[in-house]
Amino acid sequence: MSTETRVNERIRVPEVRLIGPGGEQVGIVRIEDALRVAADADLDLVEVAPNARPPVCKIMDYGKYKYEAAQKARESRRNQQQTVVKEQKLRPKIDDHDYETKKGHVIRFLEAGSKVKVTIMFRGREQSRPELGYRLLQRLGADVAEYGFVETTAKQDGRNMTMVLAPHRGAKTRARA
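For the sequence shown, my numbering begins at 30 and goes up steadily by one.
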């Protein structure tokens with residue numbers, strides 16, 4: 030069945046439940062009578078609930094209806110929030126100043142409302158000591174706790190260990206204020 034709204038002569042049922050132009054319930058009428066009432070009011074007969082028995086039709090200006098529906102869809106698209114995932118890469122043996130710099134980047138991303146994927150890259154013999162990476166991720170999670178929370182706990186996959194941090198709700202609005 031098509032998703033397009035049926036209007037006027039495209040409505041192919043013997044009788045419909047009619048709603049007038051002011052929103053008042055008219056009742057169940059024959060399709061010919063409903064079309065005549067709509068034509069007399071210089072408006073369109075629009076099928077608003079095709080799956081009901083009998084189908085519900087409303088007398089309205091179809092052009093205005095389509096325009097308002099498009100505006101509503103555009104507004105809902107605008108209000109959707111795109112989740113951006115930034116990535117920050119670290120090594121298990123990181124110097125204090127380098128750690129502070131990377132932590133600053135993570136905080137900046139969280140304040141901007143982005144999620145942050147923190148990756149610890151292991152090389153060579155470092156792979157035999159995954160607890161170093163785990164402790165580093167735990168430390169970072171604790172250090173940025175006021176800006177975000179740990180969404181996905183630390184997990185090892187091959188040479189890397191990853192953890193995802195997400196901002197607290199309303200972080201983007203707090204940063205702008």
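Don't be surprised by glycine CBs; every beta carbon is placed ideally from N, CA and C.
Report the rounded CA-to-CA distance for residue i versus residue j, giving the unit in angstroms.
i: T112; j: K144; result: 7 angstroms
i: D124; j: T182; result: 23 angstroms
i: V36; j: Y96; result: 15 angstroms
i: F151; j: G133; result: 22 angstroms
i: E138; j: G153; result: At residue 138 the sequence reads Phe, which differs from the Glu that was named. The straight-line gap from Cα to Cα measures roughly 30 angstroms.
i: A206; j: E175; result: Interpretation of A206 is limited by its pLDDT of 46, a score under 50 that renders its predicted location unreliable; no figure is taken from the coordinates.
i: P43; j: V58; result: 9 angstroms
i: R158; j: Q185; result: 11 angstroms
i: K101; j: R188; result: 48 angstroms
i: T191; j: I149; result: 6 angstroms
i: Y94; j: R107; result: 20 angstroms
i: P50; j: V77; result: 13 angstroms
i: R103; j: D90; result: 20 angstroms
i: R82; j: L72; result: 23 angstroms
i: S105; j: G162; result: 42 angstroms
i: R198; j: V66; result: 52 angstroms
Compute the distance between the beta-carbons of residue i and residue j, then report whether it is under 7 angstroms.
i: P84; j: V114; result: no
i: A70; j: I88; result: yes
i: V55; j: L47; result: yes
i: Q117; j: V135; result: yes
Using DSSP's beta-bridge definition, name the partner residues of residue i.
i: I88; result: L74
i: A195; result: F178
i: I57; result: R46
i: E116; result: K146
i: N108; result: Note: N108 sits in no beta bridge, so no partner.
i: D186; result: N189
Please state the DSSP three-state secondary structure of residue i.
i: I123; result: coil
i: V66; result: helix
i: V36; result: strand
i: L47; result: strand
i: N80; result: coil
i: A171; result: helix
i: F138; result: helix
i: R158; result: coil
Got a sec: is the Cβ-Cβ distance from residue i to anything in chain C below 7 angstroms?
i: Q156; result: No chain C appears in the structure shown, which is made up of a single protein chain.
Of the residues the options, which one's Cα is nearest the Cα of residue i?
i: E38; options: K131, D62, L166 and G51; result: D62
i: V173; options: E129, I60 and M190; result: E129
i: R164; options: E76, R41, R120 and T34; result: R120
i: P79; options: G52, R41 and Q167; result: R41
i: E142; options: E53, V66, V77 and P196; result: The identity of residue 142 in the sequence shown is Gly, whereas the question assumes Glu. Measuring from the Cα of G142, the nearest candidate turns out to be P196.
i: K131; options: G92, E53, C86 and L166; result: L166
i: E180; options: I60, K146 and E155; result: K146
i: K122; options: A99, R198, L194 and Q156; result: Q156
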